[in-house]
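Residue numbers (the working numbering), protein chains in the order written: chain A, 1 to 427; chain B, 428 to 854. Single-structure report; data block below.
Number of protein chains: 2
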Amino acid sequence: MKSYQEMSKEELLQEKESLKAAYKEYQKMDLSLNMARGKPAVEQLDMVMDILDVLDSKSEMVAENGIDVRNYGEMDGIPEAKKLMADMMGTKAENVLVFGNASLTIMYDTVSRSMTHGVCGSTPWCHLDKIKFLCPVPGYDRHFAITEHFGIEMINIPMTEDGPDMDMVEQYVNNDPSVKGIWCVPKYSNPQGYVYSDETVKRFAALKPAAEDFRIFWDNSYVVHHLYEDRQAELLDIISECEKAGNPDIVYEFASTSKVTFAGAGIAAMASSKKNLDFIRKSMTIQTIGYDKVNQYRHIKYFKDLDGIKAKMKQHADILRPKFEMVDEILTKELEGLGIGTWTKPLGGYFITFETLEGCATSVVKKAKEAGVVLTGAGAPFPYGTDPRDFVIRIAPSYPTLEELRQAAEVFVLCVKLASVEKLLEA
Amino acid sequence: MKSYQEMSKEELLQEKESLKAAYKEYQKMDLSLNMARGKPAVEQLDMVMDILDVLDSKSEMVAENGIDVRNYGEMDGIPEAKKLMADMMGTKAENVLVFGNASLTIMYDTVSRSMTHGVCGSTPWCHLDKIKFLCPVPGYDRHFAITEHFGIEMINIPMTEDGPDMDMVEQYVNNDPSVKGIWCVPKYSNPQGYVYSDETVKRFAALKPAAEDFRIFWDNSYVVHHLYEDRQAELLDIISECEKAGNPDIVYEFASTSKVTFAGAGIAAMASSKKNLDFIRKSMTIQTIGYDKVNQYRHIKYFKDLDGIKAKMKQHADILRPKFEMVDEILTKELEGLGIGTWTKPLGGYFITFETLEGCATSVVKKAKEAGVVLTGAGAPFPYGTDPRDFVIRIAPSYPTLEELRQAAEVFVLCVKLASVEKLLEA
């Protein structure tokens, strides 16, 4: 097969005409498909409906420490919920606080608290002239939205298959005291599906931050979200690595059951050192009388333990895997050898990252939209929504049905081809 | 009956001896009673256990606007939850956002947001030299804890049976641009059980704040928490009063179902003007992907509508009323005519306020504790935990059983007598 780069101008023009004709056919179909959001499919939600059966009016509502889960109190989570979330993250219960239904809110509140109250006694960030966060790119748009919302300057750090460019991370963190944080999705990263290598984790743990109030924001959202039973990524436990490195306080880890049970009604947790948690508890005492312990208890009754979570994740994988594989299959079939795109083949998580020729991502997303397929906005996985090379597209295969996904992927490859031809013709 | 003030020193000394003997008897009983927290009793929680039956694995999980309540999205609440909470507060659904399980968290977040982002475009409070809040006293300790946590100066405003001293409120709000807020529990106030009169509400609505970012924090926690079916307090709707007065943006109203269903697992809401809500939604979009809509939906299925809430509140009242009446009965029987204390007789809410002779509250609380009865700390209902006259005690009759409460109240009156005799003997 001839790559697009090898084609003559005439061949490209011909290709363009035939692509345009195919594109018009799709436009006529009046499609309404969505590959934009990392939402669980209806089938996945249906699969966990039995969580609604574990508590009823006859249930005992008492946690293992004797407290009534229906009443006020137990601000930082019932003990068995701490244990379960600790097991999920691969850390100890004493390192964990359990919050409400979303880890994003914990992250927001953590940044917000640092703005108004500093970090373990440091100057509140809102009283500092300049605050910076490192942002491995491409990354999770909602992380970047938080730092942007608080006026924090964001610095792009390139991602590799092993994690962020650690030379650059060390350079910034160890020398610039205005660098206060870094956003990480260490396992099955959003949107590439990369897993931080052991070396990367160890280098994170061994950072020597110039700022005493620097923290790693370790968003372990996909910690149990494997696609393949026999090829599960292993990630070192950042909490114990930081302890070993004599840096126990430099990391906050976050996780939730948002894509294990119901996306909107799970439980979320944070893990960190005693010093950090004690500081956070001081604000928590003021911010809340306690999060929803009934829902924590419901999750405990449903899963019993980590094995319960793993069993459920296997069922999720059985629904998700065919979708990831179908997208990969169509991309391979339609684009391999054309020299106009590469994509990741994640073993877990919720996303595939597609890289177009430079300067084509916006055009692909626009064309797809005009043919009825909504993709995550080009630029979204970058701070300020700006992809400097305009070449990254996040594909979210989870929500559509297989049949919808097939159509969406076919429209997508067509749009990639069309945008690429147009780009090459410009040159 | 002779009041303590009328007694001679000799009589007082004699009284003291006999009180001490009785006190020692109680101490021997090794009591462990608690009248400190405004927690629903176990019986009240048992009464709403059937909320756990309304959803099960067979339930339809679709809100009236067609969205799946199990998945992400619908950040500011499902429409029927907005409607229900609006009906509860006596306002319109369009004025309401529904959040997580606790209104305290909404209040904290509202102050926190004002610190970092200002109010509808005003300068963030963290960049201002001085921020003040007015605090009607006695009031709710957790309100004061929020403002103290953010370094906001608190100014005591005396409460009357009709609400805060409005002359003083107007004086401050209309003249001092550093006054940015006031904490209010307008109905069955914490801890006195007073209800703001129509005139008070209208004067609030007609404030002409010197600060454009002044807001009334209207914590309507006890909006449906009547004790008597036939003597229910009416409170004017602050939202529409503010609209009528041409001041639509000066109030945030808060409410929750924390003491309607489960104290720790209810739903909470805020009501305000479109302008305020639009500004808040901007932060919400960053802070959360959405609160727990399954629990919102559960509450809708359980109550159906405001009548469902009212029916449930009647059952709560049937449990609470005898407790309030028993406390009042014992206080009356033991203290009437002695001139050493007065107390409120609320028609709703969760508290009774007892006023001792000046300078006796701390002593009463200490004595009660040493006899095994925990009361809310003296000073707690005041900013910075300081009751300038040391005379206010908050009594929370809800949690103990009737039998426990009888004993606790008997210990309490004994401690009041003893502390008063000691005080009078000092003079």
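All C-beta atoms in this analysis are idealised placements derived from N, C-alpha and C, irrespective of residue type, glycine included. Model, not experiment: these values are computed from the prediction.
Asked                                                                                                                                                                                                          : Found
Taking 7 angstroms as the threshold (beta carbon to beta carbon), is Q471 (chain B) in contact with chain A?                                                                                                   : no
Rounding to the nearest angstrom, what Cα-Cα distance links Y655 (chain B) and D594 (chain B) in this structure?                                                                                               : 32 angstroms
Using a Cβ cut-off of 7 angstroms (strictly closer), state whether I146 (chain A) contacts chain B.                                                                                                            : yes
Taking 7 angstroms as the CB-CB cut-off, is I267 (chain A) touching chain B?                                                                                                                                   : no
Whose Cβ in chain A lies nearer than 7 angstroms to the Cβ of V801 (chain B)?                                                                                                                                  : The premise fails here: V801 (chain B) is roughly 14 angstroms from chain A at the closest Cβ pair, so nothing lies under 7 angstroms.
With DSSP as the reference, identify every bridge partner of Y679 (chain B), one or two as the case may be.                                                                                                    : B:F644
Give a yes or no on whether the C-beta atoms belonging to E64 (chain A) and P79 (chain A) are separated by under 7 angstroms.                                                                                  : yes
Residues of chain B with CB under 9 angstroms from V432 (chain A), in chain order?                                                                                                                             : Nothing can be reported for residue 432 (chain A), as the shown portion of chain A is limited to 1 through 427.
With a threshold of 7 angstroms between beta-carbons, can D483 (chain B) be considered close to chain A, or not?                                                                                               : yes
Of all Cβ atoms in chain A, is any one closer than 7 angstroms to the Cβ of H570 (chain B)?                                                                                                                    : no
Going along chain A, which residues have a C-beta under 7 angstroms from Q714 (chain B)?                                                                                                                       : T105 and Y108
Residues of chain A with CB under 8 angstroms from D719 (chain B), in chain order?                                                                                                                             : G100, N101, G264, A265, D292 and N295
Are three or more beta carbon pairs between the region 744 to 758 of chain B and the region 647 to 654 of chain B nearer than 8 angstroms?                                                                     : yes
Is the CB-CB distance between V374 (chain A) and C415 (chain A) below 7 angstroms?                                                                                                                             : no
Is the beta carbon of P346 (chain A) less than 7 angstroms from the beta carbon of G193 (chain A)?                                                                                                             : yes
Kindly list, in the order they appear in chain B, the residues whose Cβ is closer than 7 angstroms to that of M115 (chain A).                                                                                  : T543
Can you name, in chain order, every residue of its own chain whose Cβ lies under 8 angstroms from the Cβ of D305 (chain A), other than the five neighbours on each side?                                       : L84 and D87
Could you give the C-beta distance for V195 (chain A) and A233 (chain A), rounded to a whole number, given that I count them as a contact under 8 angstroms?                                                   : 4 angstroms
Taking 7 angstroms as the cut-off, decide whether the C-beta atoms of V481 (chain B) and K728 (chain B) are in contact.                                                                                        : yes
Using 7 angstroms as the threshold, is the C-beta distance between C562 (chain B) and P815 (chain B) below it?                                                                                                 : no
Could you pull out every residue in the same chain whose Cβ sits closer than 8 angstroms to the Cβ of L439 (chain B), ignoring the five residues on either side in sequence?                                   : Y431, V848, L851 and L852
Pull out every residue of the region 547 to 569 of chain B whose Cβ sits closer than 9 angstroms to any Cβ of chain A, in chain order.                                                                         : P551, C553, H554 and R569
For C669 (chain B), which residues in the same chain have their Cβ closer than 7 angstroms to its Cβ, ignoring the five residues on either side in sequence?                                                   : A632, P675, I677 and V678
Measuring straight from C-alpha to C-alpha, what distance separates T789 (chain B) and W125 (chain A)?                                                                                                         : 39 angstroms
Quick check: the Cα distance between S197 (chain A) and E253 (chain A), rounded to an integer number of angstroms?                                                                                             : 17 angstroms
H726 (chain B) CB to nearest chain A CB: under 7 angstroms?                                                                                                                                                    : no
Does L52 (chain A) have its Cβ less than 7 angstroms from a Cβ in chain B?                                                                                                                                     : yes
Could you work out which residue in B:F641, B:N703 and B:A682 is closest to S648 (chain B) when comparing CA atoms only?                                                                                       : B:A682
Could you tell me which uninterrupted beta strand (DSSP E) segments, each at least 3 residues in length, are contained entirely in the region 44 to 109 of chain A, listed from first to last along the chain? : 96 to 98
Could you please give the first and the last residue of the uninterrupted beta strand (DSSP E) stretch that includes F354 (chain A)?                                                                           : I352 to T356
For a test of the three-state rule: what should DSSP assign to L460 (chain B), helix, strand or coil?                                                                                                          : strand
Once you ignore the five residues that flank A637 (chain B) on each side, which residues in its own chain have a CB closer than 8 angstroms to its CB?                                                         : V600, N601, N602, D603, P604 and V606
Taking only beta-carbon atoms, is S539 (chain B) less than 7 angstroms away from chain A?                                                                                                                      : yes
What does F577 (chain B) touch in chain A if you count any residue whose Cβ is under 8 angstroms from its own?                                                                                                 : T116
Check M1 (chain A) in the structure and name its three-state DSSP category.                                                                                                                                    : coil
Thinking just about the alpha-carbon of each residue, which of A:G38, A:T332 and A:E153 is nearest to the one in S189 (chain A)?                                                                               : A:G38
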